[in-house]
Amino acid sequence: MKTENEILEIAFLLFLEKGFSEVSTNELIRAAGLTKGGFYYSFKSRDDLDQQVVEKYIRPFFSRQTEEMQQAWEKSRAETPTAELLWKGFFLPQRFANYQKKIGKKIAFRNFYFLLYEGMKKFPEVEEYFKEFNKKKSRLLYGILERGQKRGEILKSIDLENYVTMILAMQDGILALRVLDETIDEEEKYTKIQYQMWKEISTAKMQNYEDGGVTSAVS
């Protein structure tokens, strides 16, 4: 008999392919090679299984990103350039490849996002994860930019609230494009976003820009 984790993985892959609502309990039982008795021995109900899939596969999509962002912030030193912190503590943790590594599965970005949005309609907690994630992401981005202003790296004339809103909107646009085209390189797009934004807000003239971080600049 398969373990609960194995059953959850089978269920997750089925949900990615068809969505939560289009997969019947009987289909899950057949795919997992279980009897009905075996299924209900492992899970109290179909809803119990769905909730466990959310906890095991969807919640980490949000929690992993915020944890990595927070760790980058906490590990940053006083001498760390704000441009470097912006890349390592904001853009880099959001790569979908990081999530795939976390769950140990290479999955289609489009299928995951369709499942994510269905999950927000079906499960109130998924919507809360999404809202809380966006709040934390906004606060962190604001904090990084504010740090840059205090250190004299970012122009004082920049309205940080408006800039945060603009960057998050640009990110949403990249995600929407990637749903349409899986071949889009999100890391390349994030690099270009940061490069362009740093040109606009930096107090220094950039000479070289590599991997999202300023490697040399002159006033």
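Heads up, the final residue of the sequence shown is numbered 223 in this note's numbering, and it's a clean run with no missing numbers. No residue lacks a Cβ here, since even glycine has one placed at the ideal position from N, Cα and C.
Only counting the same chain, and skipping five residues up and downstream in sequence, which positions put a Cβ closer than 8 Å to that of residue i?
i	result
Val-218	For Val-218, the predicted model reports a pLDDT of 42, less than 50, meaning its position is unreliable; a value from the coordinates is still stated below. Only Pro-85, Ala-87, Glu-88, Trp-202, Ser-206, Ala-208, Met-210 and Asn-212 meet the Cβ criterion.
Leu-12	Leu-53, Gln-56, Val-57, Lys-60 and Tyr-61
Asp-215	Note that Asp-215 scores a pLDDT of 45, beneath 50, so its modelled location is shaky; the value from the coordinates is reported in the next line. Trp-91 and Thr-195.
Ile-3	Nothing about residue 3 can be read from this structure; the chain reaches only from 5 to 223.
Leu-164	Tyr-146, Leu-149, Glu-150 and Gln-153
Asn-138	Leu-172
Between residue i and residue j, which are expected to be in contact by the criterion C-beta below 8 Å, what is the C-beta distance as a whole number of angstroms?
i	j	result
Ile-148	Gly-93	6 Å
Ile-111	Leu-181	Not really, about 18 Å apart at Cβ, beyond 8 Å.
Val-183	Arg-114	5 Å
Met-5	Gly-42	6 Å
Apart from the five residues just before and just after residue i, which ones in its own chain have a Cβ nearer than 6 Å to its Cβ?
i	result
Leu-32	Ala-15
Asp-185	none
Leu-17	none
Leu-145	Phe-94 and Val-168
Leu-119	Phe-19 and Leu-20
Ala-76	Lys-92 and Gly-93
Inspect the beta-carbon positions of residue i and residue j and report whether they are closer than 8 Å.
i	j	result
Thr-1	Lys-140	Residue 1 lies beyond the residue range present for the chain, which begins at 5 and ends at 223; the question has no answer from this structure.
Lys-126	Phe-47	no
Tyr-133	Arg-63	yes
Lys-22	Arg-68	no
Name the residue from the options whose alpha carbon lies nearest to the alpha carbon of residue i.
i	options	result
Gly-37	Glu-26, Glu-10 and Arg-143	Glu-10
Trp-91	Tyr-103, Glu-72, Thr-29 and Gln-104	Glu-72
Phe-65	Arg-155, Leu-184 and Gln-104	Gln-104
Glu-190	Tyr-167, Leu-96 and Glu-131	Leu-96
Met-174	Gln-198, Ala-35 and Tyr-121	Gln-198
Gln-200	Leu-179, Thr-187 and Met-170	Met-170
Thr-187	Lys-22, Ala-101 and Arg-34	Ala-101
Thr-7	Tyr-44, Glu-26 and Lys-22	Tyr-44
Arg-155	Arg-34, Ala-82 and Phe-137	Ala-82
Asp-176	Gly-123, Lys-160 and Lys-193	Lys-193
Glu-26	Gln-74, Ser-80 and Gly-123	Gly-123
If you drop the 5 nearest sequence neighbours on each side, which residues of the same chain put their C-beta closer than 7 Å to that of residue i?
i	result
Ser-142	Val-168 and Leu-172
Arg-50	Thr-29
Ala-35	Ile-14 and Leu-18
So with Cβ pairs under 8 Å, would you call residue i a contact of chain D?
i	result
Leu-164	Note that chain D does not occur in the displayed structure, where there is just one protein chain.
My parser needs the alpha helix (DSSP H) runs of 4 or more residues fully inside the segment 108-138; what are they?
Every alpha helix (DSSP H) of 4 residues or more that sits fully in the segment 108-138 is shown, in chain order, as 113-126.
May I have a chain-ordered list of the alpha helix (DSSP H) segments no shorter than 4 residues that lie completely inside the segment 66-112?
86-90 and 100-107
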